[in-house]
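In terms of our numbering, the sequence shown opens at residue 76 and continues consecutively.
Working notes, beginning with the structure itself.
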Amino acid sequence: MLLLISFLLAVHFAVAQQCYRLSLNKGYPSKIFVALGLIPYFNLVVWVYLLFLPDLSNARKFEQPL
């Protein structure tokens with residue numbers, strides 16, 4: 076039982092780390108996405124959400140000046 080709990084915690088923190096890395100790479104606030112990524116069962120939703128969000132650093136290139 077301890078092995079199962081350890082495995083689930085390791086997977087949980089690995090998904091939270093992926094949320095952190097994706098949010099940093101795409102230019103989103105990393106603290107918010109890490110906090111959301113640490114919520115059990117919600118972290119997979121946040122991870123998939125981050126996969127489909129556009130990259131903010133590229134979005135700023137296409138803005139037209141006023």
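Ideal Cβ placement from N, Cα and C applies to all residues, glycine included.
Please read these numbers as outputs of a predicted model, since none were measured by experiment.
{"Asked": "Kindly give me the distance between the Cβ atoms of Cys-94 and Phe-117, rounded to whole angstroms, as I take these residues to be in contact under 8 Å.", "Found": "No, Cys-94 and Phe-117 are not in contact; Cβ-Cβ is about 11 Å, not under 8 Å."}
{"Asked": "Relative to the C-alpha of Val-123, which residue among Asn-133, Ser-98, Pro-104 is closest?", "Found": "Ser-98"}
{"Asked": "For the alpha helix (DSSP H) containing Phe-82, list its first residue and its last residue.", "Found": "77 to 101"}
{"Asked": "I'd like to check one pair, Gly-112 with Val-86: are the Cβ atoms closer than 8 Å?", "Found": "no"}
{"Asked": "Enumerate in chain order the residues of its own chain whose CB-to-CB distance from Leu-119 is below 6 Å, with the five nearest sequence positions on each side excluded.", "Found": "none"}
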